[in-house]
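Q: The structure's right below; bear with me while I get my questions together.
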């Protein structure tokens, strides 16, 4: 668990640094994933028992990964389009 937490923190920090220095037009999506991923990681670290037998920290963590994954892949798509358009402009 400790190794996974350290790796997640390092990854989030690297993405946060890159999002802070880049002028990428979709960097806001990256910030949402970094902040949301950090908050979601807290659900895994500070586990709480189920409320009324239904919702516990692990279930809430899984629920938060659904929109974060969608936003992450949306950023990846935007990044691919951005890099491709920049390369096409350089070739002209």
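Numbering (my numbering), first residue to last: 1 to 92.
Positions of the beta carbon are idealized from the N, C-alpha and C atoms, including for glycine.
(1) Any beta carbon of chain B sitting closer than 8 Å to that of residue 24?
(2) Using the Cα positions of residue 38 and residue 12, report the straight-line distance between them to the nearest angstrom.
(3) To the nearest angstrom, report how far apart residue 88 and residue 53 are at their CA atoms.
(4) Check residue 51 in the structure and name its three-state DSSP category.
(5) DSSP three-state label for residue 64, please.
(6) Hey, could you find the ends of the alpha helix (DSSP H) residue 41 is sitting in?
(7) Measuring only the C-alpha atoms, how far is residue 100 from residue 77?
(8) Indicate whether residue 45 and residue 5 have their beta-carbon atoms separated by less than 8 Å.
(9) What number of angstroms, rounded off, separates the C-alpha of residue 36 from the C-alpha of residue 42?
(10) Any idea what DSSP makes of residue 56, helix, strand or coil?
A: Walking through what the data contain:
(1) Any reference to chain B falls outside this structure, which holds one protein chain only.
(2) For residue 38 and residue 12, the distance between alpha carbons rounds to 7 Å.
(3) Whole-angstrom Cα-Cα distance: 55 Å.
(4) Three-state result, residue 51: strand.
(5) Three-state DSSP puts residue 64 in a helix.
(6) Run containing residue 41: 27-45, per the alpha helix (DSSP H) assignment.
(7) Residue 100 lies beyond the residue range present for the chain, which begins at 1 and ends at 92; the question has no answer from this structure.
(8) Going by C-beta atoms, residue 45 is nearer than 8 Å to residue 5.
(9) Residue 36 and residue 42 have their alpha carbons spaced roughly 10 Å apart.
(10) Residue 56 falls in the coil class under three-state DSSP.
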